[in-house]
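Data first, discussion second: the structure below is written as structure tokens.
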DNA sequence: GGATTACTTAGCCATATGGATAACAATTTG
DNA sequence: CAAATTGTTATCCATATGGCTAAGTAATCC
């Protein structure tokens with residue numbers, strides 16, 4: 154793992170890595186299968202897996218010569234919660250603005266007789 | 154704006170930028186106020202604002218010599234939805250596994266008389 | 001046991017990123 | 001108008017990132 158949001162968002166900021174996550178939600182898979190759809194060299198692809206693993210998004214164990222990778226859902230939930238808090242904070246503010254606008258039918262205005 | 158998730162997650166992968174977003178959920182603010190709590194030079198900070206703006210997370214307009222920045226909530230929602238889809242896909246799979254486990258009380262097993 | 005398979009490690013390279021300083025607008029304000 | 005505010009632009013620098021090739025190592029297969 155690592156220090157939360159930094160490494161999490163960093164890990165998700167790449168299409169190859171997001172594709173891996175999307176694939177892994179349908180179940181665990183060996184490295185070779187994860188690599189197949191991506192048109193980059195294996196060592197380059199392995200770096201992406203390391204980033205995902207360092208961010209705690211993925212775990213893997215090697216059995217025989219095959220390394221099987223599976224997703225770790227918790228970090229997704231953490232980030233989702235963070236985003237949700239931000240949006241909620243924002244919309245609470247919008248609500249307050251609406252209240253202010255609604256209460257705008259009488260105060261010190263002199264040019265509407 | 155830009156091409157969605159890439160620039161969005163990239164923008165969120167930095168604590169300074171996340172702090173700016175958190176601040177902006179409490180309402181718009183001028184550049185100087187946003188910069189104040191961060192111990193980096195103004196030009197460095199401006200780069201962060203540009204990243205946020207390029208990702209469509211933030212918008213700003215300059216009036217007089219003051220530039221006021223405000224948050225743009227939609228991209229947050231988009232990313233949140235993406236994360237949610239992934240988690241839902243993942244937990245649907247878990248559900249199926251549970252069903253399999255539950256149905257494991259009678260099939261072709263010969264050693265439980 | 002030699003050949004395949006499935007990764008791993010080690011280096012190299014180009015570009016991107018996050019920070020700094022210096023110098024330059026463009027607006028207020030005294 | 002001179003001075004202070006508030007940004008903005010232009011460089012520069014060190015490190016991180018994403019890709020590559022070449023050369024291993026450790027299982028399995030024939």
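Residue numbers (this note's numbering), protein chains in the order written: chain A, 154 to 266; chain B, 154 to 266.
By construction, the Cβ of each residue, glycine as well, lies at the ideal position given by its N, Cα and C atoms.
Neighbour flag for residue 205(A) against chain B, beta carbons, 7 Å: Not an interface residue.
Spatial neighbours of residue 157(A) within its chain, please: C-beta separation below 6 Å, excluding the five flanking residues on both sides. none
Comparing the C-beta of residue 249(B) with each C-beta of chain A, is any distance below 7 Å? no
Would you mind giving the Cβ-Cβ distance between residue 193(A) and residue 210(A), rounded to the nearest angstrom? I have them listed as a contact below 8 Å. Residue 193(A) to residue 210(A), Cβ: 19 Å. No contact.
Would you kindly work out how many angstroms separate the C-alpha atoms of residue 195(A) and residue 188(A), rounded to a whole number? 7 Å
Residues of the stretch 181-211 of chain A whose Cβ lies closer than 8 Å to any Cβ of chain B, in chain order: Residues of the stretch 181-211 of chain A with a Cβ closer than 8 Å to any Cβ of chain B: none.
In whole angstroms, give me the CA-to-CA distance for residue 161(A) and residue 222(B). 26 Å
Quick one: is residue 221(B) near chain A, going by C-beta distance under 7 Å? no
Using DSSP bridges, identify the partner residues of residue 213(B). 222(B)
Do the stretch 232-250 of chain A and the stretch 179-188 of chain A make contact, defined as three or more Cβ pairs closer than 8 Å? Contact annotation: the stretch 232-250 of chain A does not touch the stretch 179-188 of chain A, with fewer than three C-beta pairs closer than 8 Å.
Is the CB of residue 233(A) under 7 Å away from at least one CB in chain B? At least one chain B Cβ lies under 7 Å of residue 233(A).
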